[in-house]
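In mature numbering (1 follows the signal peptide of the UniProt record, and there is no 0), the protein residues as written are -32 to -1, 1 to 562.
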């Protein structure tokens, strides 16, 4: 695929430069009235393409509906579209506003898209009209100049291309939402951290306060969370306040309420059930209100990252023996629910969708990875915008797998005539850390038809594994001795996941930390419990209940954790509740140290 971007500058004829797949049309007229601008982006293949179009109103407010028109210069034919009603007669196209987005205020934007076929060349439209008026004015985001010099003595030609990019408007959909932005600080989480820091005092209290300076996600883990307390609107309003000064704010919202949620565990079970009209309620009572709030024009300047349904699709690959997972699979509730969420959220230009892909210790085996990529890819392709419904994938969400196993970089290294991946801790899983796992998953999704610019996230909130027990090297004459002496991951079993003793805060949230990765993020706020440690009589009002894997005295079966103790901390409250002892341990074991 190739990506082509057209930024419209004015109504008059203009200089046209084509270089490295980037088409820029810049106005030569100073008298054109600034009424609108159009950003027209194309992902193209042999005989078809997907276009994502962002219209910005630079003139008077529009109410009662709008129509964007253009002429294709070639044989392009629209086959289906979204977020507008399309009509095509020959080369002429009109895109009319949907009923739910008929108004367009001054400075407001509307995003739409379509799939189309073509033959020959796929030339770009050269002019657009909004309600009959030719678009003119507005910023051109990229300018390209090319200079060429020829050396006759060597019969070679050398081309030098210089590209200058001006910052996008904060509400525009950018390639990486984390780049050039500051993260949202949740005041409720900051209060919890600073209150414990004040009570603790000393050097440890000082370290605790540093955690409050890092962005964490807001979890919409039930219908009531949309309005309870600060609510989603309150968080977005606070994010707007924090954006004062011009730097865009990225706020991360976890969309987490599928029917039969967390079907293979108990600690984070949800309120909706497949058998009780859960899918319909999920759409009407959960996704629709969230989408309506996020689409409010006053939030257009925010970069809103939606983390869509953790622990859902991977469970349909590995845990169909669990009745609730089997029901979620046969009913289509997980797949249809996620497709509905992606279709609604991807229609909002400043929302960025990231899909959970588990972690290396869960899906790293090829027997799990291949089917997972197929299921996740097919689910996304079934959403309205297909592969363009998402901006990337997130791994290690609320888990503790290290970003890099620095002492064990080669799973095929032989010790005692055995490869490291054959060690009891890894069980022939060749992916020891999230960097290698995320890179491989990204490559497989690109091979499955996703754009080459797709980005990965790693949740590093609890994968630091520092403190005095952090190894600095590996040694031993047997493969198990070598692995156990060198692994950063100090869990008793790789399948343990609940409130892990000895885990530490990991790398701080960072944009573009390595090639192919959009950011390191803290989706699970450090100090929030994974699940209650002691047995309860049943689920609470949110559907959460005790899971034996959160009991520090429990030894699981071979599938859960190989008969090892769970490694969970005692005294933990229900999932999502503030757990001071857990936070203190994470701070003490942070790596890098706070």
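Just so it is clear, CB atoms sit at the ideal spot from N, CA and C, and this is done for glycine as well.
Under DSSP, residue 322 takes part in a beta bridge, and its partners are 275, 360. In the three-state scheme derived from DSSP, where H, G and I count as helix and E and B as strand, residue 316 is classed as coil. Annotation: the continuous alpha helix (DSSP H) that includes residue 448 extends over 447 to 454.
By the neighbour-count definition (other C-beta atoms within 10 Å, threshold 16), residue 44 is a buried residue. In the three-state DSSP reduction, residue 203 falls in the helix class (H, G or I). DSSP places residue 349 in the helix class (H, G or I) of the three-state scheme. A distance below 6 Å between beta-carbons, with the five flanking residues on each side excluded, links residue 499 to the following residues of its chain, in chain order: 235, 466, 515, 518, 543. About 14 Å separates the beta carbon of residue 452 from that of residue 535, a gap too long to meet the 8 Å contact definition. Listed in chain order, the non-local C-beta contacts of residue 206 below 7 Å within the same chain comprise 155, local neighbours out to five positions each way being set aside.
Closest by C-alpha distance to residue 320, out of 311, 102, 326, is 311. Straight-line measurement puts the Cα of residue 390 at about 9 Å from the Cα of residue 380. Here residue 65 is not near residue 38, since their CB atoms are 9 Å or more apart. When Cβ pairs closer than 8 Å are counted between the two stretches, the region 442 to 450 is seen not to touch the region 466 to 475, the count staying below three.
Contact check for residue 334 against residue 279 fails: the beta carbons are separated by 9 Å or more.
When rounded, the separation of the alpha-carbon atoms in residue 185 and residue 484 is 22 Å.
The secondary-structure analysis by DSSP pairs residue 60 across a beta bridge with 39, 57. Inclusion of residue 80 and residue 164 in the CB contact set at 9 Å is not warranted, their separation being larger than that value. Close CB contacts of residue 299 within its chain, under the 6 Å cut and outside five residues either way in sequence, are with 242 (chain order). Non-local beta-carbon contacts of residue 237 in its own chain, meaning distances under 7 Å to residues more than five positions away in sequence, involve 229, 230, 507, 511, 512, 513 in chain order.
The beta carbons of residue 426 and residue 403 sit closer together than 9 Å. Every beta strand (DSSP E) of 3 residues or more that sits fully in the region 140 to 202 is shown, in chain order, as 186 to 188. Proximity to residue 305 across 248, 209, 55 peaks at 248, based on C-alpha coordinates. Pairing residue 364 with residue 431 gives a Cβ-Cβ distance under 9 Å. For the 9 Å CB-CB criterion, residue 4 and residue 151 do not form a contact. At the C-beta level, residue 370 and residue 457 come within 9 Å of one another.
Setting aside the 5 residues that flank it on each side, residue 270 is surrounded in the same chain by 138, 139, 204, 207, 208, 211, 216, 217, 218, 219, 318, each with a C-beta closer than 8 Å to its C-beta; the list follows chain order.
Where residue 79 is concerned, the enclosing beta strand (DSSP E) starts and stops at 77 to 85. Rounded to whole angstroms, residue 497 and residue 462 show a C-alpha spacing of 19 Å. In the three-state reduction of the DSSP assignment, residue 5 falls in the strand class. Inter-residue distance for residue 10 and residue 97 is about 19 Å (C-alpha atoms, whole angstroms). Counting only runs that start and end inside the region 362 to 443, the beta strand (DSSP E) elements of at least 3 residues fall at 423 to 427.
Residue environment analysis places residue 181 among the exposed positions, since fewer than 16 neighbouring C-beta atoms fall within 10 angstroms of its C-beta. Residue 8 places its beta carbon 9 Å or farther from that of residue 42.
Between residue 558 and residue 434, the beta carbon gap of about 5 Å places them in contact (Cβ cut-off 8 Å). Straight through space, the alpha carbons of residue 61 and residue 54 are spaced by roughly 7 Å. Residue 329 and residue 401 have their C-alpha atoms spaced approximately 8 Å apart.
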